[in-house]
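Under the working numbering, the letters of the sequence shown match residues 1 to 69, in that order. Glycine included, C-beta positions come from ideal geometry on N, C-alpha and C. Have a look at the structure below, then the notes.
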Amino acid sequence: MGWQPMDKIKVATVQMEHRDGDKQYNLSVVEKFSRRAAAQGAVAVAFPECCISSYMYLEGLSRPELEAL
């Protein structure tokens, strides 16, 4: 049992402009890009971190807390 080469796979990456607090819109954009990638043969799609929920948790942090990040 040794190393076996894998078949080639196509992976897509997406850079998108999300809307803070608009989960439905963000999900619709994710769906649109996912369908487009699948139609072009991609079997996996990578999206930006927090592209659905955005970084809403940052709103509750103070300036010193944000600077510490």
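One question on the structure: do residue i and residue j come within less than 8 Å of each other, judged by their Cβ atoms?
i: Ser54; j: Val45; result: no
i: Ala42; j: Lys8; result: no
Please look up how many angstroms separate the CB atoms of residue i and residue j, rounded, as I've assumed it's under 8 Å.
i: Ala68; j: Ala37; result: About 37 Å separates the two Cβ atoms, so there is no contact after all.
i: Pro48; j: Met16; result: 7 Å
Between which two residues does the beta strand (DSSP E) harbouring residue i extend?
i: Val42; result: It should be pointed out that residue 42 corresponds to Ala in this sequence rather than to Val. Per DSSP, Ala42 belongs to no beta strand (DSSP E) and is neither H nor E.
i: Val14; result: Looking at the DSSP string, Val14 is not in any beta strand (DSSP E), and its letter there is neither H nor E.
If you follow the alpha helix (DSSP H) that residue i is part of, which residue opens it and which one closes it?
i: Glu65; result: Arg63 to Ala68
Going by CA-CA distance only, name the one from the options that's closest to residue i.
i: Lys32; options: Leu66, Val14 and Gly60; result: Val14
i: Asp20; options: Pro5, Ile52 and Gln4; result: Ile52
i: Cys50; options: Trp3, Met6 and Val30; result: Val30
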